[in-house]
Each structure stands twice: as structure tokens, then as C-alpha cells.
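Residue numbers (this note's numbering), protein chains in the order written: chain X, 848 to 928; chain R, 3 to 338. Written below as C-alpha cells is the structure these notes are about.
Now the structure itself:
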């Protein structure tokens, strides 16, 4: 099971990225959970300084931006089994 | 994928052509095509609108694209490293400059603040960054450039920088570290190096995404704002604002700041108001002070920062920045 985490305190961009991840995972038929991390302590611990942050299977992929759909598909494909 | 570089190269001559022909096109539409009578209120207002809207949108597209590319070179993670061991003042100058080119939205303010402070960036240097990033805004820059010319735009950037540098320096000298919430010090902060192979085509992509996002979001405010501005241009009497916001009213600068702080507006919404105020007799220093307090000091951001800063530090921060803005307002009123 793959784990995707979206870090963000709950602003519009963070919600959008989470929704995009859920959608993409379903479309690619990948077995993965999409989690939202909202506690500041957790966000800071991950080393992310801009939200939304994206982590796939323990690896921080991006921070502070919403990727295009193609980029997100590429990231998820590359970092999941 | 390589031909992405061609898009801006091809777009540039078109952009220059459009920009250069704005005036003659507007003249043609107003006087030849619509055949309107010269020097009437309505003609003046319509000419202003038809000329300014495409001009501001063209400038906005160009500058947002360039800044979008520049920003790919500056991530906060990288900036944190640059600012790490810097001394006060030199660090304040550097972080204020970096604040201009680094994007962050107010929901990132806390992780950014903690990330900086924990990495050993001095408190005052961190504040210089936090002040300059929202205060010097590319949309405000474009609108000032388009509506008032480069002198005013340059003045805006310079004064914003001075406020960020001096305020950060003062906060640093006051030794206010004890007013950071205790839990911040107990956190373990991770260090992440986001591996990203950034090719130049990716940077162009970022520029284009920035254009799509920012221009896509603010064009409607710009059109509305310019429409209001055009209306005021044509119909409101010339010295309407002089009594309340003119130079002779010494109290107008602090009052503008007091009104401006609780107001929360994006730059696109505020500049057309600024333009209208100015054209009706308000003085530049007063209006600049009003604009900076609206976009640079925002109540929502302070409420967010309250989670990591104790009240005395927030009040000091707001007080110093507000004082800086007021001084700049007076200086401009005296000089111009």
C-alpha cells in the first residue's frame, strides 16, 4: 500500500491538491492512501516551509505549489509501486 | 518539449507590437470608429478605459512571467541556508531583497517563520523577510508602473525595502526572542532538500503557470478598478479629496494607516482606488501610506502569526511597521 501525504493548514490550495491526489490515484488505479496533515508541528517536522507540501512514500516531492495534472501523474507513477 | 522556449521568443515581438500600438489603436477606436466628440467627459473616460485596460494587462502578463521564472531560482529552503549565519543589518538587507522574489501565501507564514528561526536565521532578519514579501507585490508594481510611470513604481519598491530593512533591524536590536511561543523552541525541525531537476523549460512552464494563475485571477478586478477610475476621472470634481487627504491635512497620514490596517484587500483591488484618490487631489505620501498599510499589514496574517508569537511581539511588529509607513508618508508629502 502506497502512502501519499498532503501537508497544509487548510487553505484553498491545500484542499485542491488533496482533491487532485485522490482523483489521480483513482484514475491510475493505484493502491494508495491519501492523507491530509494539518498539524503545524507535523508540517514543520517534515521540513516543509511552504504549503501545500506533497509527500509520496516518505519522500517530499514538492512544496508551495500545485502541480499540473500531468506532473502529478508523473510524480505518483514514479514514486509508487 | 524543447520548443517551449520558442513560445516566449515568438510572443515577445507580438507583445511589443501590441504595446507600441496601444495609443494609436485607442485613438482610432474613439475618434475614427466611434466618431466621438473630443474633450467631452464621456470621451475622456472611455478613452482612459480602452487605453488602460489592455496596457495594464500586457504589463501584468510580462512582469508576472518574468517573476515566475526568477522565482524558480529562490526556494525558501535555499534562502534559509543563505540567511543562516548572516549578521544583523547585512542580513536584513539581504532578506528584504529575497522577500521580493519569494512567493508565499499567508497560510505558509507559520511553517516559514518556524523554519527560518529554527535554522538559526536571526529574528530581526526573519521579520525583514516577512515584511517585504507581502509589502512589495508584483501586481502593485505593475499597476503603479502602468498608471503612474516608472518613477512611482521605483519609489514604491525602494520605500517598501527601507521599511522592511529598518523594521527588521529594530526588531532584531530589541531582543524579543523571549516572545516567541515556547512550543516553537521544542520542535524538531526537519531539513528537506527537495530534489528537483529544474530544466529551463520547467522554468518557462513556471512562468506560464504564474501568468495563468495570477492574470486569470485578477483581470476582473483590474477591469472593474479601471472602470471606476475612468468614471472618477471623467466626473468627480478635481480637488474633491484635497481637504481630507491633501498635504495640508497633517493628520491624514496616520489616519490613512489606521484605516488601512484592518482593511484586507489584494493589490489588484486597492490600486485603482489609489489612482482615483490621487487624481482627485489626495497627496502621494498619504495615498502610498494607505496602500502599504492595506497590503503590507494585514489583520488575518497577524492572527495566524499569533500562534507562534506572543502578543507583545505582534504589537511591536505591527507598531514598528506602521510607524515606518507613517514616516514614509510624511517624507513623500514633504518631498513632492
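For glycine and all other residues, C-beta sits at the position ideal for the given N, C-alpha and C. As the structure is a computational prediction, the values presented were derived from the model and not from experiment.
Distance between residue j and residue i (C-alpha atoms, nearest Å)
i	j	result
residue 54 of chain R	residue 852 of chain X	45 Å
residue 227 of chain R	residue 273 of chain R	8 Å
residue 34 of chain R	residue 42 of chain R	15 Å
residue 189 of chain R	residue 890 of chain X	11 Å
residue 337 of chain R	residue 154 of chain R	13 Å
residue 151 of chain R	residue 872 of chain X	49 Å
residue 265 of chain R	residue 331 of chain R	18 Å
residue 222 of chain R	residue 178 of chain R	42 Å
residue 318 of chain R	residue 93 of chain R	20 Å
residue 232 of chain R	residue 277 of chain R	10 Å
residue 906 of chain X	residue 921 of chain X	15 Å
residue 167 of chain R	residue 213 of chain R	29 Å
residue 169 of chain R	residue 262 of chain R	18 Å
residue 36 of chain R	residue 44 of chain R	12 Å
residue 865 of chain X	residue 892 of chain X	20 Å
residue 20 of chain R	residue 73 of chain R	27 Å
residue 908 of chain X	residue 335 of chain R	49 Å
residue 379 of chain R	residue 26 of chain R	Examination of residue 379 of chain R is not possible in this model, given that chain R is present from 3 through 338 alone.
residue 285 of chain R	residue 256 of chain R	13 Å
residue 16 of chain R	residue 141 of chain R	22 Å
residue 7 of chain R	residue 914 of chain X	20 Å
residue 91 of chain R	residue 165 of chain R	13 Å
residue 123 of chain R	residue 183 of chain R	17 Å
residue 258 of chain R	residue 114 of chain R	30 Å
residue 82 of chain R	residue 176 of chain R	22 Å
residue 46 of chain R	residue 234 of chain R	11 Å
residue 870 of chain X	residue 856 of chain X	21 Å
residue 324 of chain R	residue 145 of chain R	23 Å
residue 281 of chain R	residue 925 of chain X	56 Å
Option nearest residue i by Cα separation, candidates the options
i	options	result
residue 48 of chain R	R/262, R/182, R/225	R/225
residue 292 of chain R	R/214, R/309, R/234, R/162	R/162
residue 116 of chain R	R/313, R/78, R/332	R/78
residue 916 of chain X	X/858, X/878, X/874, X/910	X/874
residue 252 of chain R	R/166, R/287, R/104	R/287
residue 859 of chain X	X/878, X/922, X/899, X/924	X/899
residue 299 of chain R	R/328, R/310, R/113, R/285	R/328
residue 339 of chain R	R/84, R/326, R/25, R/119	As shown, chain R starts at 3 and ends at 338. That puts residue 339 of chain R outside it, with no answer to give.
residue 158 of chain R	R/176, R/181, R/134, R/26	R/134
residue 215 of chain R	X/870, X/912, X/901	X/912
residue 279 of chain R	R/305, R/260, R/12, R/247	R/247
DSSP-derived helix/strand/coil call for residue i
i	result
residue 151 of chain R	coil
residue 20 of chain R	helix
residue 883 of chain X	strand
residue 121 of chain R	coil
residue 852 of chain X	strand
residue 42 of chain R	coil
residue 48 of chain R	helix
residue 311 of chain R	strand
residue 903 of chain X	strand
residue 135 of chain R	helix
residue 913 of chain X	coil
residue 272 of chain R	helix
residue 877 of chain X	coil
Contact belief for residue i with residue j at Cβ below 8 Å, rounded distance in angstroms
i	j	result
residue 101 of chain R	residue 130 of chain R	7 Å
residue 229 of chain R	residue 51 of chain R	6 Å
residue 854 of chain X	residue 884 of chain X	5 Å
residue 111 of chain R	residue 307 of chain R	6 Å
residue 71 of chain R	residue 205 of chain R	5 Å
residue 895 of chain X	residue 910 of chain X	5 Å
Close-in-space but distant-in-sequence residues of the same chain around residue i (CB under 6 Å, 5 per side omitted)
i	result
residue 3 of chain R	For residue 3 of chain R, the predicted model reports a pLDDT of 49, less than 50, meaning its position is unreliable; a value from the coordinates is still stated below. Cβ within range, chain order: 203.
residue 98 of chain R	130, 134, 163, 166, 167
Other residues of its chain near residue i: CB distance less than 8 Å, five sequence neighbours each side excluded
i	result
residue 40 of chain R	33
residue 217 of chain R	59, 62, 63, 66
residue 136 of chain R	108, 297, 298, 300, 303
residue 868 of chain X	851, 853, 881, 901, 919, 923
residue 186 of chain R	116, 119, 120, 310
residue 56 of chain R	20, 24
residue 210 of chain R	9, 67, 70
residue 275 of chain R	227, 230
Any non-hydrogen atom of the ligand ZN closer than 7 Å to residue i Cβ
i	result
residue 298 of chain R	Among the components modelled here there is no ligand, and therefore nothing to report on the ligand ZN.
Nonlocal neighbours in the same chain, by C-beta distance under 7 Å from residue i, ignoring five residues either side
i	result
residue 173 of chain R	125, 126, 129, 318, 319, 322
residue 927 of chain X	849, 877, 879, 903, 904
residue 147 of chain R	61, 155
residue 181 of chain R	311, 312, 314, 315
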